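>
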Amino acid sequence: MQKCTINSGLFSINAINKLLFVMKLTFLLVLCSLMTVSASVKSQDARVTLTMKETAISKVIRAIEKNTDYKFVYNSSVFPADTKVNVSVTDETVANLLNQILANTGFNFKLLGGGLIVLTQNQVTAGPIVITGSVIDENNQPLLGVNIKIKGQKTGATTTNEKGFFSIKLPDNNAVLEVSYIGYLTQEIIPGNSTTLNIKLKQALGALNEVVVVGYGTQSKATITAAVSQVSGADLVKVPGANLTQSLAGRLPGLIAYNTSGQPGADDATLLVRGLSTTNNSAPLIVIDGIVRSDISYMDPNDIESVSVLKDAAATAIYGARAANGAILVTTKRGTEGKTTITYSGNAGVQSAVQVLKPLDSYTTALMWNQAWTNEGAFAPDYYGTKGFNAAALAAIQNGTDPNRFGNTDWYKAVYGGTPTQQSHNVSINGGTTQSRYFLSAGYLDQNGLYDASLSRYNIRANLDGKIANIFDYTLNIAGRREIHDNVNGTPNNALEMSPLEPFQYTNGTYHYDPAWSGNPYLEGKGYGGYNDVTNDNFESSVTLSYKVPFIPGLSIKGLYSFDNYATYNKIWSTPYTTYQYNADNTFSVPASVSTALASLSETFGQSQSTTSEASLNYSHSFKLHNINALLLYTETRNSAQSITAGRINFPSPLLDQLTLGSTTGATNGSTATQSARRGVVSRLAYNYDQKYLFEFDSRYDGSDLFPPGHRYGFFPALSAGWRLSEESFIKDRLPFITNLKIRGSWGMAGNDSGGAFQYLSTYSIPTGSSYGFGGSAGQVLAPGVIPNPVFTWEKATTTDVGVDANLWKNLFGISADYFYKRTSNILATPASAVPVVLGGSLPIGNYGIVDNSGFEIELTHQNTIGAVSYYVRPNITFNHSKVISYPEAASTPSTLRLTGRQVQPTTLITGYVANGLYQNAAQITSGPTPLYAATQPGDIRYVDLNGDGKITASDKTIITNGSTPGTVAGLNAGASYKGFDFSVLFQGAADVNDVIPRALAWSMYGGIQIAYPLQQNYWTPSNPGATFPRLTVTSKDNQDNSTYWVRNGSYLRMKSFELGYTLPKAWLSKLSISDTHIFVNGTNLFTLSHLRGIMDPETGVYNYPLMRVFNVGLTVKFN
Amino acid sequence: MKKISYILCGLLLLLIASSSCKKNLLDSTPLNQYSSADTWKDSTLVNLYVSNIYSGMPSEYDSITGSDMLGNYTDEATDNRTALAASYAYDQNQDNSTNAPFNKLWTNYYAQIRNCNVFLDNIGALNASAGLKTRLTGEVRFLRALYYHYVHNYFGAFPIISKTLSATDNLFIPRGTDADCINFITSELNAAAALLPVKYTGANMGRATKGAALALMCRTYLYAGQWQNAADAATAVMNLNTYSLFPDYGGIFYPTNEYNSEVILDKEYVALVASNQSSQVDYATIPGYFTGRATAASNPNGALVDAYEMTDGTTFSWSNPAQAANPWANRDPRLEASIIHDGSVLLGQTINMFVGSPYNNPTLRASLTGYDMRKFVDPNYNPNQTTNQSGQNFIIIRYAEVLLNYAEAEFNLGNTTEALKYVNMIRARPSVNMPAITAANFTMAKLQHERYIELAFEGLRLWDINRWKTGPQARGASSITGITINGTLSGPISSHTYTPVAVNTGRVFVDPQMYLFPIPYAEIIKYPASAPLVQNPGW
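Quick note, the sequences are listed as chains L and R, same order. For the first sequence, the positions run 5 to 1124 when my numbering is used. For the second sequence, the positions run 4 to 542 when my numbering is used.
#1: Identify, in the order they occur along the chain, each residue of the same chain with its Cβ nearer than 6 Å to the Cβ of PRO290/R, setting aside the five sequence neighbours on each side.
#2: What span of residues does the beta strand (DSSP E) with VAL215/L cover, start to end?
#3: Is it right to say LEU189/L is buried, meaning 16 or more other beta carbons lie within 10 angstroms of its own, or is it exposed?
#4: Are there 16 or more other CB atoms within 10 angstroms of the CB of LYS961/L, so buried, or fewer, so exposed?
#5: Going by DSSP, what residues sit across from HIS885/L in a beta bridge?
#6: Along the segment 93-114 of chain R, what residues have a CB closer than 7 Å to any CB found in chain L?
#7: Using the beta-carbon of each residue, which ones in chain L are nearer than 8 Å to MET208/R?
#8: Compare the C-beta of SER224/L with all C-beta atoms of chain R and state if any pair is closer than 9 Å.
#9: If you measure from the beta carbon of LEU847/L to each beta carbon in chain R, is any gap under 9 Å?
#10: What does SER769/L reach in chain R if we use C-beta pairs closer than 9 Å?
#11: Is it a yes or a no for the segment 396-411 of chain R touching the segment 299-314 of chain R, going by three-plus beta-carbon pairs under 8 Å?
#12: What do you reckon, are the CB atoms on PHE445/R and ALA480/R nearer than 9 Å?
#13: Would a check of beta-carbon distances place LYS472/R closer than 9 Å to chain L?
#14: CB-CB under 6 Å to ALA439/R, same chain, minus the five flanking residues each way: which ones, in chain order?
#15: Compare the C-beta of GLY394/R with all C-beta atoms of chain L and state if any pair is closer than 9 Å.
#16: Does the beta-carbon of TYR768/L have 16 or more other beta-carbons within 10 angstroms, so that it is buried, or is it exposed?
#17: With a threshold of 9 Å between beta-carbons, can PHE443/L be considered close to chain R, or not?
#18: My parser needs the beta strand (DSSP E) runs of 3 or more residues fully inside the segment 259-297 of chain R; what are they?
#19: In terms of alpha-carbon separation, which member of PRO712/L, THR345/L, PHE817/L, THR668/L lies closest to ILE742/L?
#20: Which residues in the same chain have their Cβ closer than 6 Å to the Cβ of ASP235/R, if we skip the five residues on either side of it in sequence?
#21: Taking C-beta pairs closer than 7 Å, name the residues in chain L that LEU296/R reaches, listed in chain order.
#22: Let's test the definition: count the other Cβ atoms within 10 Å of the Cβ of GLN941/L and tell me whether it reaches 16, buried, or not, exposed.
#23: Any Cβ of chain L within less than 9 Å of the Cβ of PHE175/R?
#24: Taking beta-carbon pairs under 8 Å, can you tell me which members of the segment 246-262 of chain R lie near chain L?
#25: Give every residue of the same chain whose Cβ lies closer than 6 Å to the Cβ of GLY209/R, excluding the five residues on either side of it in the sequence, and list them in chain order.
#26: Between the beta-carbon of GLU191/R and the beta-carbon of ALA148/R, is there less than 9 Å?
#27: Pull up the CB-CB distance for TYR3/R and LEU765/L, whole angstroms please, since I reckon it's below 8 Å.
#28: Output needed in chain order: residues of the segment 737-764 of chain L with a Cβ under 8 Å from some Cβ in chain R.
#29: With DSSP as the reference, identify every bridge partner of TYR584/L, one or two as the case may be.
#30: Quick check: is any heavy atom of the ligand NAD less than 8 Å from the C-beta of ASP514/R?
#31: Quick check on DSSP: helix, strand or coil for ALA319/L?
#32: Which full runs of the alpha helix (DSSP H) of 4+ residues lie inside the segment 718-758 of chain L, going along the chain?
#33: So which of TYR573/L, PHE592/L, VAL594/L has the shortest CA-CA distance to SER612/L?
#34: Below 9 Å on C-beta distance, what does ASN920/L contact in chain R?
#35: From which residue to which residue does the alpha helix (DSSP H) around LYS449/R run?
#36: Put ARG485/L into one of helix, strand or coil per three-state DSSP.
Pasting the structure below:
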């Protein structure tokens, strides 16, 4: 190898070589510790055997290339490649062969590192020549940090400065320059006789170009070493739901999202990153534009540039104390330089419940009621059905002849049967100059509910970027949002347990009074019982100022300050409404409590403030092929919250709902106040060599006031490394279809500090809602807090992750896969299940328990264009398993109930008995084991005596399901476009999850609830021994315990969203200054495949507001 | 330009500096909690701490709306909420140690016992008058004994804990012997009696008195079968010369008669929604007609109603046609004060108990027995109010109970004459005026009968049955009866006739298992095999 003598100013080349060697070694060691590496070793001194007659030199060269690892480079405009030669060698070195064939060409050869052979003219000027030049992008903007190296040489590389200029010393004018930059296509240039070069780089298309948002910065997808998944805002707007958390389901490998409700304004999906790995709070950290904030549910998806999910410790350690459960980073859109664009997007649609349960008619229900009392041995029929209906009653029910006493009402349909509308609109303005850029946005959303529950949202945002005095860069984000969550005061969801026998409305037009619920759920759904409205006014702001230090290239200083204020106002207005009882003497009467009730009002004003201050040093520089990115950051956050609540009762009139109008007798008020603080020092050191060998060290030293003094600070480090094999010539040259191949691994720690405050202090408080006074007057009481725990600290999650990212045939196929193993120890929990309650106090949180969680996630991408059709398919799947390693369990827990060592999710598991069908006859009961209940009869569930003690007791329970969190989730995102048409679809599903059939759908008639659903008709009787439901009972508890009898497979597959759109031809619109118009129809939750059809929704169950199906039409128009 | 950049540079540095200078950023303190040190220095706060201990005292009023009145576990009443009622399932032997109705009391009472221990371990340091400290100490020692007394009633012998434990102490404390438990309770009550005043005035009315300590001691000894000690304690109460029988039997409980001469210990209620110290006793007791809710869950047992004697002291009988035709006439006046029957007048309305009548409406759960409960219902209650809150105190111990305890103790000591004197004293209450029992007729059964009638629904019957071991009769399959009202819905009450019927509530009494409630399963399994918490027999 030719020896170069270029001084970089900081390192001598030899020093760099040594450093490189050490680094390679370190790199390999790191990788070897994480995975098995296999790489082929290259032959250096190849020999060839070749016989060719009267053959062009070019063909000989190709033959050498074929038989060895060498590659040839020459300037075809000058090299006499067509000159014919004769070759006949046996086991000859390539050098000797080349000397032979180049003998009369006036060219000689130079063997460079990496097996590259350059053919150069003999008359070349010896000695180094200096080339200067600049590198610009397609917009003629200078590019900083572009790598320029001499192909085949390990030394002598350089990078461009801020103005895009570079200067490089070449050994001769036939050297090949390789110009590469992340996100751009690599160019090779032979300068020839030129000494100045102006190079324009073209952007690479597709995945490798992506910038991924990570904690406190961004990284190129190509060189990231952490496990991070990202979805763009453009994808999210395709789901016409009002809640962003719902739109995330199925999009991101490693993110588990499931719904618990479809109620407008209360339909947040539960989000978990890689499942449950603690018994404590498992919610991921939410970061919006770099600031830890709490809520993404009601952000306008039109404002969102991207959402990324940080999964492994390499990604999360930088958030230290709060990121043990992963983090979700939301980045909003920013202005781009250029002509101002105004975008309007709007859509409107109708919603309906995904699953509408249809109960049995009243006559069938009445017969089942009679059967239940007969089974109890207490059938005593009368006209009112107290313990069974007599013949007269049954006839009246069947024929509808006493409609005021016996209805045939579908309450579920009455409350949940509607098709409410929703609409949303957003206008955004985007543009700027080199000096300032802006993104302004305003949005409105209105989502009505199946009953009077709705959400209105108004949001504005201004994101500004610019320069001050050409020295400082500033950003300013201001966002405001008002959410009005309207809900009724009342319990319309009682409709689920309302008997069809109860008339909905009487023949005289008045409405029925149900004594069990003190009213009428239908009317409560219509707002007759008043309202329970919450208005949230959120203000979020942040400003940053950064300064590039002129005397140290690549060093910048940045300061950030953010201030958020969240105001919430809850008003509960309870109004009486008139409903009637139908008396036994066929008269109507208003119950006294209804006729005399007066309105009451309760209001709560709450607000919370959060400020974050940050100062950071950022260093980003490239020395030749060494790329360094370093960050040192100090951050502190203060939170405070206050609330005031006040209420009055006995309003003289329900017409006006102002506090001052209520009676002062019985007035109440109260308040709360909290404060907390955190601080941390964050550091990141990312180094890569030639974008090939990637290393990163992240850490955070974090402090939280949750812990006792002396235990408040924790250190959370993470190490990660990656190797881009695709940059190695053995892949680049031999397997050119591999566009990108990277293996990466990480190890690190993150913390979790969620738990109640001041658990280390012995305190006393005056609880609201408690009173004890003497002598006839009420008095305050002072109640003790927890028994303090003076020593506890961080919950620690240690994660190891290995992953691979690859792209084949450019971006035709892509794969990203990760395996992780995470151990959460020192789990913050109370040992309540192990400590006898004779202790007498509330137990504080402490560090108890270890949970292991491991899993695998993979995302595949395929995109292609065939003729005028472009399409993509992106499936992803996530598996995870939690295992309890230790847990504070009761000392004598039966082995069947012991969690330790089990593959379970300790917080959501359900315990119960193992069912072995139904008892078919009395002999089966008497033959043992002794049943759980003395009154057990044939037709009841037969439980298994797990501990073999001859009787069914609580000790025979075991863990029957893991609960509502699926162990496997998957999504399939696909789309296509043809000319102006586009189409996309998202399927989302879950598996490895079980549900327990809820009360109303399991035990009809039990507890006196006279309602049944079609599946429940298949109940046990001696003549129906193969029934799927046990015998009907009213008071007998035999079948009400949790058991495997009621466990069902909760797997499901949903068509989560669907969109079909058309982009109008530009020619039609250009005169109107419209650049782009897209019209579309879309929908969400369009169909569901599930084992639970007719019983419940696999996600929301039955007691919650049903999940909504939405059909929507909309358009997006861009003006500029 | 340069100036601007200097200014901005300065601002940036300021921002960086300002964010990192607060050294004690993390030293926050609670904004709405008092520290332990502050609390035990301040007698006002300590007073409120003691109030909190009082707030956990048991009350049948809370059970009416919350769990279930203890009477529903006995031959006093049954619950018409069938499957929804804790007592209904328990009485049917459908419960086990994981879901028994009083599992939560094991936790609640030990929490209050801890509160007492914390107080007793800290009171020494309080800077207050010796008088106040003495009194408060007496109150808290009384309260601790009261909670242990109830732990013993529900669960039997208990782990005796008399100091503040920390989570790192050995908590696997075995149950004491029954004798140790009784000794602990009574010796604490003895100590408390010495510390407590005989009477309070004004704003302190309702605190524990010497009389309360002695009366509870009397009850504890009686339940333990220590007759002489029980008699002595009762005598000590009488010798205080503070208590007397209140003339109006029904009125003992009414708000207008709070702190009357018969009350020894009561739980304080205040009639305001905002007070958080009220009960819903009236609202939950009266027929649903008045409230629109399915209230009136405790249906008095027909057998109890039948047990009220005729005014001449003879026994009522359905087989006596005259009595059966007019079953509630000429009866012990305590019947009218305690029971709502067909034709009773309540809150100005004549109650028609015919099933289907607005007062016994099947859609609001008709009475299973044909009766509703009147005891405790304030005659001045106004159902036409939104609040439904009652400020009527619940009497935990009253003088009549002490007299009956004394009578029973003396009876068992063989002093039947002395015993009879006190039973007849109860019967001679002006508003009751029942003829005296003659010595010839005086038996243990008569004495038990008098307790059944006098103390009905007051939460004491269950403990009596359990110590008398009369479970099979009083809590068994045929313990509940009722009446069927014959006639027509539209006919006047005077046209109704009545037939006694057995009410099938599915009761099963398992002897001796059901004399004690189970210790919660979740607690039993916390103890290691080497130091077990022994479960009650049969559970």
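The beta-carbon is built from N, C-alpha and C at its ideal position, and this holds for glycine as well. Only a predicted model underlies this, so the values are computations on that prediction, with no experimental measurement involved.
With the structure as the only source:
#1: Counted from its first residue, the second sequence places residue 290/R at position 287. Once the five neighbours on either side are set aside, the close Cβ partners of PRO290/R are ALA299, TYR362, ASP375.
#2: Against the first sequence, residue 215/L aligns to sequence position 211. First-last of the beta strand (DSSP E) with VAL215/L: 215-218.
#3: Along the first sequence, read from residue 1 onward, the residue named residue 189/L stands at position 185. That one is exposed.
#4: Locating residue 961/L in the first sequence gives position 957, where the first residue counts as 1. Answer is buried; the Cβ neighbour count reaches 16.
#5: By one-based count along the first sequence, residue 885/L stands at place 881. HIS885/L is bridged to SER858/L.
#6: Hits within the stretch, in order: GLN95, ASN96, GLN97, ASN99, SER100, THR101, TRP109, THR110, TYR113, ALA114.
#7: As a first step, residue 208/R must be located in the second sequence, where it is residue number 205. Correct list: PHE778, GLY779, GLY780.
#8: The count along the first sequence starts at 1 and reaches residue 224/L at position 220. No, SER224/L lies away from the interface with chain R (no Cβ there is under 9 Å from its Cβ).
#9: In the first sequence, counting from the first residue as 1, residue 847/L sits at position 843. With a threshold of 9 Å between beta carbons, LEU847/L makes contact with chain R.
#10: Looking up residue 769/L in the first sequence gives position 765. What SER769/L touches in chain R: PRO33, ASN35, GLN36, TYR37.
#11: Too few Cβ pairs lie closer than 8 Å, so no.
#12: Locating residue 445/R in the second sequence gives position 442, counting from the first residue. Locating residue 480/R in the second sequence gives position 477, counting from the first residue. No, the pair does not count as a contact, with Cβ atoms beyond the cut-off.
#13: The count along the second sequence starts at 1 and reaches residue 472/R at position 469. With 9 Å as the cut-off, LYS472/R does not count as an interface residue toward chain L.
#14: In the second sequence, residue 439/R corresponds to position 436, counting from 1. So the list reads ASN427, once near-sequence residues are dropped.
#15: Sequence index remark: in the second sequence, residue 394/R carries index 391 (1-based). Interface with chain L (9 Å Cβ-Cβ cutoff): GLY394/R is included.
#16: Within the first sequence, numbered from 1, the residue matching residue 768/L stands at position 764. The residue in question, TYR768/L, is buried, as its Cβ has 16 or more Cβ neighbours within 10 Å.
#17: Here residue 443/L is taken as the residue at index 439 of the first sequence, counted from 1. At a cut-off of 9 Å between beta carbons, PHE443/L makes no contact with chain R.
#18: Counting only runs of 3 or more, we get 266-270.
#19: For the purposes of this step, residue 742/L is identified with residue 738 of the first sequence, where counting begins at 1. Of PRO712/L, THR345/L, PHE817/L, THR668/L, the smallest CA-CA separation from ILE742/L is found for PHE817/L.
#20: Counting from one through the second sequence, the residue named residue 235/R turns up at place 232. For ASP235/R, where only same-chain residues beyond five positions count, there are no Cβ hits under 6 Å.
#21: The residue labelled residue 296/R in the question sits at position 293 within the second sequence. Reading off the sequence, residue 296/R comes out as Arg, not Leu. PRO519, SER522, SER597, listed in chain order.
#22: Here residue 941/L is taken as the residue at index 937 of the first sequence, counted from 1. Using a 10 angstroms sphere on the CB of GLN941/L, the tally of other CB atoms reaches 16 or more, which defines it as buried.
#23: Here residue 175/R is taken as the residue at index 172 of the second sequence, counted from 1. Interface residue, yes.
#24: If the cut-off is 8 Å between Cβ atoms, the segment 246-262 of chain R has GLU261 near chain L.
#25: By 1-based counting over the second sequence, the position of residue 209/R is 206. Once the five neighbours on either side are set aside, the close Cβ partners of GLY209/R are GLU271.
#26: Taking the first residue of the second sequence as position 1, residue 191/R is located at position 188. Taking the first residue of the second sequence as position 1, residue 148/R is located at position 145. Cβ atoms of GLU191/R and ALA148/R: closer than 9 Å.
#27: Here chain R covers residues 4 to 542 and nothing more, so residue 3/R does not appear.
#28: Here the close residues are ALA761, PHE762.
#29: As a working note, residue 584/L is residue 580 in the first sequence. HIS516/L.
#30: Annotation note on the ligand NAD: not contained in the displayed structure, which lists no ligands.
#31: Looking up residue 319/L in the first sequence gives position 315. Residue state, collapsed to three classes: helix.
#32: For the segment 718-758 of chain L, whole alpha helix (DSSP H) runs of length 4 or above, ordered along the chain, are 733-736.
#33: As a position in the first sequence, residue 612/L is number 608, starting the count at 1. Nearest option by C-alpha distance: TYR573/L.
#34: Here residue 920/L refers to the residue found at position 916 of the first sequence. Residues of chain R passing the Cβ test: none, with the nearest at roughly 19 Å.
#35: Here residue 449/R is taken as the residue at index 446 of the second sequence, counted from 1. Note, LYS449/R: alpha helix (DSSP H), 447-457.
#36: Your numbering for residue 485/L matches position 481 in the first sequence. The DSSP-derived three-state label of ARG485/L is strand.
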